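Asks: With the UniProt record's numbering applied, the sequence shown closes on residue 628, and no number is skipped along the way. Even glycine gets a Cβ: it sits at the ideal position worked out from N, Cα and C. Quantities reported herein were computed from a predicted structural model and do not represent experimental measurements.
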Amino acid sequence: MPPAGSRTGSDWTYRELDDAAGRLAHRLVAAGVGPDVRVALALPRSAESVLAVWAVAKAGGAFVPVDPAYPAERIAHMLHDSGATFGLTTAAHRAALPGALTWLELDDPALQAACADDSSAPWTDADRTRPLHPDHAAYLIYTSGSTGTPKAVTVTHRGLANIVRAQADSLDVGPDARVLGFASPSFDAAVFEQLAAFGAGGCLVSVPPGVVGGTELAALLEAEQVTHVVLTPSVLATLDSAEPTTIRVLAVAGEAVGSDLVERFAGGRTMLNLYGPTEATIWATASTALTAGRPVTIGSAVRGVTPLVLDGRLRPVPLGVAGELYLAGDGLARGYHGRPGLTAARFVAHPQGARMYRTGDVVRWVHAAGRLELEYVGRSDHQVKVRGMRIEVGEIDAALTGLPDVDRAVTVGRPGPAGSPVLVSYVLAATGCDPTAEALRARMSELLPAHLVPAAVVVLDEMPLTPVGKLDRAALPEPVFAAGAGRAPRTPAEEAVVAAFAEVLDLDRVGIDDSFFDLGGNSLDATRVVARLNSALAVRDLFEAPTAAALAVRLLERPAPRIALTARPRPARVPLGPAQQRMWVLNQLDPTSAAYNIPVALRLSGPIDAAALGAAWRDVTDRHESLR
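1. May I have the straight-line CA-CA distance separating Thr90 from Gly61, to the nearest angstrom?
2. Is the CB-CB distance between Ala57 and Ala183 below 9 Å?
3. Judging by CA-CA distance, which residue of His26, Leu465, Arg618 is the nearest neighbour of Ala55?
4. Exposed or buried, which one is Val529 when buried takes at least 16 other CB atoms within 10 Å?
5. With a 10 Å radius around its C-beta and 16 neighbouring C-beta atoms as the bar for buried, classify Asp361 as buried or exposed.
6. Report yes if the CB atom of Arg94 is closer than 9 Å to the CB atom of Phe63, and no otherwise.
7. Do you know how far the Cα of Gly32 is from the Cα of Tyr426?
8. Could you check the C-alpha separation between His624 and Leu274 for me, to the nearest Å?
9. What does Pro65 pair with, by DSSP beta-bridge criteria?
10. Would you please state the rounded distance, in angstroms, between the beta carbons of Leu448 and Pro71? I believe it to be under 8 Å.
11. Would you give the residue range spanned by the alpha helix (DSSP H) that His80 belongs to?
12. Which residue wins for smallest C-alpha separation from Phe198, given the options Leu556, Leu17, Asp590, Ala531?
13. Alpha helix (DSSP H) containing Phe347: first to last residue?
14. In whole angstroms, give me the CA-to-CA distance for Leu327 and Ala488.
15. Would you tell me roughly how many angstroms separate the C-alpha atoms of Ser46 and Val191, rounded to the nearest one?
16. So what's Asp11 in DSSP terms, helix, strand or just coil?
17. Smallest Cα separation from Ala409: which of Pro421, Pro435, Arg390?
18. Tell me the residue span of the alpha helix (DSSP H) that contains Thr621.
19. Compare the C-alpha of Ala368 against each of Ser300, Val412, Pro404 and name the closest.
20. With a threshold of 8 Å on Cβ separation, who are the neighbours of Leu403 within its own chain once the five nearest residues in sequence on each side are excluded?
21. Between which residues of its own chain and Leu160 is the CB-CB distance below 8 Å, once the five residues before and five after are set aside?
22. Might you give, ordered along the chain, the residues of its own chain that have their beta carbon closer than 6 Å to the beta carbon of Pro65, omitting 5 neighbours on each side?
23. With 16 as the cutoff for other CB atoms within 10 Å, does Ala572 come out buried or exposed?
24. Among Leu519, Arg582, Val553, Ala500, which one has its Cα closest to the Cα of Thr527?
25. Determine the extent of the alpha helix (DSSP H) in which Asp127 is found, giving its start and end residues.
26. Hey, Arg128 and Val207: beta-carbon distance below 9 Å or not?
27. Is there contact here, the region 343-360 with the region 156-175, by at least three beta-carbon pairs under 8 Å?
28. Going by beta carbon distance, what residues of the same chain come within less than 8 Å of Pro464, once the five residues before and after it are set aside?
29. Could you check where the beta strand (DSSP E) with Val410 kicks off and where it finishes?
30. Beta carbon of Leu217, beta carbon of Leu250: below 9 Å?
31. Tell me the rounded alpha-carbon separation between Gly335 and Ala545.
32. Pop quiz: Val366 and Val393 are said to be a contact at Cβ under 8 Å. What is the actual Cβ separation, rounded to whole angstroms?
33. Determine the contact status of Asp518 and Val504, defining contact as a CB-CB distance below 9 Å.
34. Is the beta carbon of Pro35 closer than 9 Å to that of Leu132?
35. If we ignore side chains and look at the alpha-carbon of each, how far apart do Ala456 and Val553 end up?
36. At what residues does the beta strand (DSSP E) containing Pro307 begin and finish?
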């Protein structure tokens, strides 16, 4: 029996997962869970979160993932809004969850003993409260809401079945595949990863909590021999292109991918660019294999999805003309739970009948790789993407204006200190109030999940307006991420940490008491800091000790381990590297191309000693093999 899932120290076979999920499903059915009944899952990324998903699916219910690290107010809203009356969690997270629901703790010995007495026979509709239909809800995923309240998208079993078929077509997954389980269970990308692995009989390699990228992720990829990966470009950029040697299929999704990443990672494997909103069951289009030197598109539709590029009057636009992307087909979600008005506004009538989803993304048809593909242009609204997560900034604005000392708030996406997009909020203080940016950010940390907390808050005297009186977003001032006049480093360790902070965040000055995250850093930036310090530190150390002074203490406690270098056997003919192979292939396709030539013209003054110049050149080429 092949392994279904693995994590360091914990492997499950398909039989073990199926038996455990079936026994737990009997407990759920006994509690009243059945088709379209919502079950909250308050679990971090773990083997238990995978078990819970499949147990709810067997019972016919719809799972509602809830990150136990979310603020209490948000968790309470999600549980109330979803209508969930039952939930699964563990003892470690139970105390932080509302008591209005009936919670089962998966690590409770009494529950485990009860499950052991239940049948492990294969499930049928006879075991459920009523037969399961493809259009019953499979799960509810909460996304950021423009009105300030997160909204739940109801995804059906029909949509998930369509995804499995599309994955078999495009991702080359099979029983030997080892698929990375990297996404948080609170996002639908986690469902995509599970379906990719289990739909093909492969293995899901679950990433331990706290690993967000960089050397920790690279080490896990190598140790677990991962073959299939889906990452955002921001996470991928934290890896060394030479490290994930076992990866056969590398898919990027969630945000625009640059040609530099294609250049670094496309060689020696299949690299794909995937696109899809939650409302279209995660995935809608896929590119052909990306190659260096060619335009990056979001590709064409996967099986069961029909894309339409329409103008403001729902008419198809010509080739090369930008229009809004609409999606139709089996992958469409049922709609927004409990919000018929919003569902009617976003899921509109298809010109040929049925329904289509209005994505808000602006695209155009272009010729690429010998076929028509979609090129992403931008958004038609003010929705932004940060670290691959789609964010309705209205939710942040609503949280800010809900504070007594804020009159108005506007949140936008701006390049952060390290160049990646961050959230920046601009506020007008209420009459008689004088809030500080630091106090407002601290309050947001209490009200919103970490990915919605703005990296900077700018308090303005007035909002810039256009001549017609509308907000002029282009005139909003640049945020200041620079640190204040904090204490200077006192030890070599503090100097090293301060230098790493300044380099990663592109700041001129950093004090030892300045918080890395208050300076505009995020979890991906944190992986770059840890890599630059070249120590045994983990990313979680920076979260727990975010100032240079505190992190320097840990740096001294855990110096970099000495790595023993061993010489590899040297073949008579040294093989080409991936970049060299690409250049050779391109030269074979067009021997006259000078694209990779670097012309240099030098003007020398005075006499030239040709013998000395020749000797110097020979010394350089003798020293550096790459020049020979």
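Replies: In short, the structure shows the following:
1. C-alpha separation (whole angstroms): 20 Å.
2. Not closer than 9 Å, so no.
3. With distances taken between Cα atoms, Ala55 lies closest to His26.
4. Under this definition Val529 is a buried residue.
5. With 16 or more other Cβ atoms within 10 Å, it is buried.
6. Their beta carbons are not under 9 Å apart, which means Arg94 does not touch Phe63 by this criterion.
7. Spanning the two alpha carbons is a distance of roughly 47 Å.
8. Pairing His624 with Leu274, the inter-Cα distance amounts to about 40 Å.
9. Per DSSP, Leu41.
10. Approximately 7 Å separates the beta-carbon atoms of Leu448 and Pro71; this is inside 8 Å, confirming the contact.
11. Element bounds for His80: 72-82.
12. Closest option to Phe198, Cα to Cα, is Leu17.
13. DSSP places Phe347 in no alpha helix (DSSP H) but in the uninterrupted beta strand (DSSP E) bounded by 347-349.
14. When only Cα atoms are considered, Leu327 and Ala488 end up about 55 Å apart.
15. Rounded to whole angstroms, Ser46 to Val191 spans 13 Å at the Cα level.
16. In this structure, Asp11 counts as strand in the three-state DSSP scheme.
17. When each option's Cα is compared against that of Ala409, the closest is Pro435.
18. Per DSSP, Thr621 belongs to the alpha helix (DSSP H) from 610-623.
19. Nearest C-alpha to Ala368: Ser300.
20. The residues are Pro435, Leu440, Arg443.
21. These residues qualify, in order along the chain: Ala138, Val191, Leu195, Thr281.
22. Around Pro65: Leu41, Pro185, Ser186.
23. By the 10 Å Cβ count, Ala572 comes out exposed.
24. Ranked by how close their Cα comes to the Cα of Thr527, the residues Leu519, Arg582, Val553, Ala500 have Ala500 in first place.
25. Note, Asp127: premise wrong, no alpha helix (DSSP H); not H, not E.
26. No, these two residues do not count as a Cβ contact at 9 Å.
27. In short, these stretches do not touch, since the Cβ pair count stays below three.
28. If we look at Pro464 and ignore the five residues flanking it on each side, its Cβ neighbours are Leu471, Asp472, Ala475, Leu476.
29. Annotation for Val410: the continuous beta strand (DSSP E) segment containing it runs 406-415.
30. Against a cut-off of 9 Å, the Cβ pair of Leu250 and Leu217 comes out as no contact.
31. Computed Cα separation, rounded: 42 Å.
32. Wrong, their Cβ atoms sit about 29 Å apart, outside the cutoff.
33. Their beta carbons are not under 9 Å apart, which means Asp518 does not touch Val504 by this criterion.
34. Against a cut-off of 9 Å, the Cβ pair of Pro35 and Leu132 comes out as a contact.
35. Each residue's Cα considered, the two are about 27 Å apart.
36. Run containing Pro307: 305-310, per the beta strand (DSSP E) assignment.
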